[in-house]
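Peer 1:
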Amino acid sequence: MESSVPRLPVSGPVSAAVPTNFKDLIQAKAEENGIVFMPIVGKRHMGKQLYTFGRIIIYVERGVVFVQGKKTWVPTSLQSLIDMAK
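For what it's worth, the numbering used here labels the leading residue of the sequence shown as 1137, then goes sequentially.
(1) With DSSP collapsed to three states, give me the class of I1218.
(2) I need the boundaries of the beta strand (DSSP E) containing K1179, first residue and last residue.
(3) When the Cα atoms are used, what is the spatial distance from G1205 to A1164?
(4) Rank V1200, T1188 and M1220 by C-alpha distance to the C-alpha of V1177 and give the top, closest one.
(5) Closer than 6 Å by C-beta to Y1195: which residues in its own chain qualify, once you throw out the five before and the five after it? Chain order, please.
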């Protein structure tokens, strides 16, 4: 006897579509918008890895993106970061 429970089609591995952490989400959004997101080798701020997001230098701490300003690091939203990088 077949189950009467409808099944949803699966287009691929679920884990590939769902970011597992905030950096994965940043990477996914960068790819969606054609923006390069990569670590800057050997560069850290207060022990946190620095990254380029387009031409912007950022670091991530506790799920918050910090953008390098002229004198300080400024917390910003992911959407604002994308807008700045375009």
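C-beta atoms are modelled at their ideal positions from N, C-alpha and C, and glycine is treated no differently.
Peer 2: On the basis of the data shown:
(1) If DSSP states are grouped into helix, strand and coil, I1218 belongs with the helices.
(2) F1173 to H1181
(3) Approximately 24 Å, taken between the alpha carbons.
(4) T1188
(5) H1181, K1184, L1186 and F1202
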